[in-house]
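Engineer:
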Amino acid sequence: DTEVTQTPKHLVMGMTNKKSLKCEQHMGHRAMYWYKQKAKKPPELMFVYSYEKLSINESVPSRFSPECPNSSLLNLHLHALQPEDSALYLCASSQLTSGRTDTQYFGPGTRLTVL
Amino acid sequence: GQQVMQIPQYQHVQEGEDFTTYCNSSTTLSNIQWYKQRPGGHPVFLIQLVKSGEVKKQKRLTFQFGEAKKNSSLHITATQTTDVGTYFCAGRSSGGYQKVTFGTGTKLQVIP
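Residue numbers (the working numbering), protein chains in the order written: chain A, 11 to 125; chain B, 4 to 115.
(1) Would a check of beta-carbon distances place K50(A) closer than 9 angstroms to chain B?
(2) Considering K28(A), what are the terminal residues of the beta strand (DSSP E) in which it resides?
(3) Which residues mark the beginning and the end of the beta strand (DSSP E) in which V103(B) is found?
(4) In angstroms, rounded to a whole number, what distance separates the CA positions of V22(A) and E18(B)?
(5) Please list, in chain order, the chain B residues whose beta carbon lies closer than 9 angstroms to that of L21(A).
(6) For a contact meaning CB atoms closer than 8 angstroms, what does G117(A) contact in chain B?
(7) For Q112(B), list the residues DSSP reports as bridge partners.
(8) Out of S65(A), Y43(A), S82(A), L86(A), point me to the one whose CA is closest to L31(A)'s CA.
(9) According to DSSP, what are the bridge partners of C92(B)?
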């Protein structure tokens, strides 16, 4: 099984709402990632979890709050978002092999619209 | 910070023509990965190159990693309509092996 799943597929929320994005993998991968992708742009790294600990935070605003409950699950909690936060949010995972050969596998993404 | 640029930004080709996209990094890379993203889809891993000067082939796709490990290319021979999508390179710097910086992408359109 080389699949990363994400829910929901689509999400529309108001600026005062609180919502969560979920990501799951059952490949035994020990690193999980959140990326943000705007239209016609490349994915931009937001957070990295290694062995369930936050290892990279790319200066993401605090209205985005990641959580890694266990090695298979990754959440992104959203609160007080702005319309410019509308984007495709991608989750990825990797095995954490020796650094030079680690490969990331992406989920299908959650398309978020903030009204 | 590390920047990874790709050219061209867009390419329209007639079906059967060849296509090449070039990827250039501002810093030396420990490896480079290539992804394909179909319209409305998510990035799908194609291949990873690690060694200086490495060349790998997947059917009609040929991937190269430069000798200085700062550039890479993807060449598609005899394009087909199924090749449509955006091709991203993604480079990993020597220092932080978890952080991958995506290139700006090349969007390929194949005209039947």
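Note that the Cβ used here is the ideal one computed from N, Cα and C, for glycine as well. Fair warning: this is a prediction, and the values are worked out from it, not measured in the lab.
Structural biologist: With the given structure in hand:
(1) Chain B contact via Cβ: present.
(2) 28-35
(3) 103-105
(4) 39 angstroms
(5) Residues of chain B passing the Cβ test: none, with the nearest at roughly 16 angstroms.
(6) H45
(7) H15(B)
(8) With distances taken between Cα atoms, L31(A) lies closest to L86(A).
(9) Its beta-bridge partners are W37(B).
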